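**Q**
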Ligand code: ATR
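In this note's numbering, the protein residues as written are 254 to 545.
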């Protein structure tokens with residue numbers, strides 16, 4: 254990579270940012286597409302988000318990604334917001350426009366692209382969501398938008414699942430979402446098989462032995478399990494889905510495609526499948542999952 258006076262900068266705003274895989278994605282894409290662009294992490298301390306967004310604009314940044322804990326907090330500091338991001342209530346990509354940044358959510362289109370590639374369909378599907386936090390909210394909105402016929406939100410705290418189901422049903426002119434306590438999974442009909450999307454942080458490194466549901470009978474009701482976690486690459490949730498005869502995927506491809514879509518928004522480039530695969534290998538190398 255050759256940095257000169259014409260180099261454009263994109264970056265990641267978050268706290269912490271030390272373990273991010275995004276530089277591996279964007280710097281690979283820039284290099285392969287011979288774009289004079291560099292992507293760097295920016296650790297933004299608590300209380301400094303407004304200054305960070307204004308500073309990024311003043312420094313002529315082309316765009317940014319936004320990660321925890323700022324995906325919702327960043328919204329007041331944008332000059333425009335994409336309708337999908339507004340519905341989800343979270344922004345992970347800022348694109349420079351004339352008078353500031355426009356906010357997008359590429360996490361959910363990224364998950365959708367990953368699912369399409371993995372042959373997982375949403376239209377007409379009966380889906381279980383484990384968790385009812387910020388990630389679950391985005392997933393539930395995606396599912397409703399893509400025509401899932403039933404969205405059952407299972408959460409430790411029932412009230413949060415109920416609130417989320419209400420919000421999803423209010424945002425769409427139909428009632429696909431319903432709420433249950435996590436422990437109430439036992440009352441799911443026995444003959445039914447679901448797509449299940451795991452959105453809690455249970456099972457994430459280093460607490461890799463954890464899973465939101467430990468009961469094996471639950472996993473017999475799942476034909477496909479999607480875990481948003483990508484470290485470890487096989488979570489306990491995924492192992493239990495597979496041991497019960499289902500297919501299981503981690504969140505690494507979603508990570509890839511949220512980056513690919515952000516990169517396309519920043520540069521106008523079209524990232525083809527082969528190039529996306531190169532970036533995917535680069536993430537896996539950065540994680541120590543593949544040899545250089
Ligand atoms: P994110 O934005 O990543 O979704 P979050 O908003 O903090 O993070 O949500 C975390 C989710 O994990 C919640 O659904 C939480 O359940 P509660 O609403 O009951 O807190 C779920 N979660 C966290 N720890 C859990 C545990 N030990 N058992 C079951 N669910 C848990």
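C-beta atoms are modelled at their ideal positions from N, C-alpha and C, and glycine is treated no differently.
Just so it is clear, the structure is predicted and the values come from calculations on it, not from any experiment.
Pick out the complete alpha helix (DSSP H) segments inside the stretch 315-355, 4 residues or longer, and give them in chain order.
**A** As far as the stretch 315-355 is concerned, its whole alpha helix (DSSP H) runs of at least 4 residues are 336-341.
**Q** Closer than 6 Å: is that where the CB of residue 419 sits relative to any heavy atom of the ligand ATR?
**A** The count along the chain shown starts at 1 and reaches residue 419 at position 166. Result no, Cβ not under 6 Å from the ligand ATR.
**Q** In the DSSP output, which residue or residues are listed as bridge partners for residue 480?
**A** Counting from one through the chain shown, the residue named residue 480 turns up at place 227. DSSP lists 451 as partners of residue 480.
**Q** Between residue 537 and the rest of its own chain, which residues show a CB-CB distance below 6 Å, the 5 nearest in sequence each way excluded?
**A** For the purposes of this step, residue 537 is identified with residue 284 of the chain shown, where counting begins at 1. Around residue 537: 543.
**Q** Taking the straight line between their C-alpha atoms, what separation do you get for residue 424 and residue 256?
**A** As a position in the chain shown, residue 424 is number 171, starting the count at 1. As a position in the chain shown, residue 256 is number 3, starting the count at 1. Near 45 Å, if we compare the C-alpha coordinates of residue 256 and residue 424.
**Q** Apart from the five residues just before and just after residue 519, which ones in its own chain have a Cβ nearer than 7 Å to its Cβ?
**A** In the chain shown, counting from the first residue as 1, residue 519 sits at position 266. Closer than 7 Å at Cβ, skipping near neighbours: 263, 315, 316, 348.
**Q** Hey, how far is the Cα of residue 481 from the Cα of residue 380?
**A** Here residue 481 corresponds to residue number 228 of the chain shown, with the count starting at 1. Here residue 380 corresponds to residue number 127 of the chain shown, with the count starting at 1. Approximately 15 Å, taken between the alpha carbons.
**Q** With a threshold of 6 Å, establish whether the CB of residue 413 neighbours any heavy atom of the ligand ATR.
**A** By 1-based counting over the chain shown, the position of residue 413 is 160. Yes, the ligand ATR has a heavy atom inside 6 Å of this Cβ.
**Q** Rounded to a whole number of angstroms, what is the C-alpha to C-alpha distance between residue 395 and residue 365?
**A** As a position in the chain shown, residue 395 is number 142, starting the count at 1. As a position in the chain shown, residue 365 is number 112, starting the count at 1. Taking the straight line from one Cα to the other gives about 8 Å.
**Q** By how many angstroms is the C-alpha of residue 311 removed from the C-alpha of residue 374?
**A** Numbered from its first residue, the chain shown carries residue 374 at position 121. Numbered from its first residue, the chain shown carries residue 311 at position 58. When rounded, the distance between both Cα atoms is 42 Å.
**Q** Return the chain-ordered list of same chain residues with a C-beta closer than 6 Å to the C-beta of residue 485, the five sequence neighbours on each side being excluded.
**A** Along the chain shown, one-based indexing puts residue 485 at 232. For residue 485, where only same-chain residues beyond five positions count, the Cβ hits under 6 Å are 458, 461.
**Q** Tell me the residue span of the beta strand (DSSP E) that contains residue 380.
**A** Here residue 380 is taken as the residue at index 127 of the chain shown, counted from 1. Per DSSP, residue 380 belongs to the beta strand (DSSP E) from 379-383.
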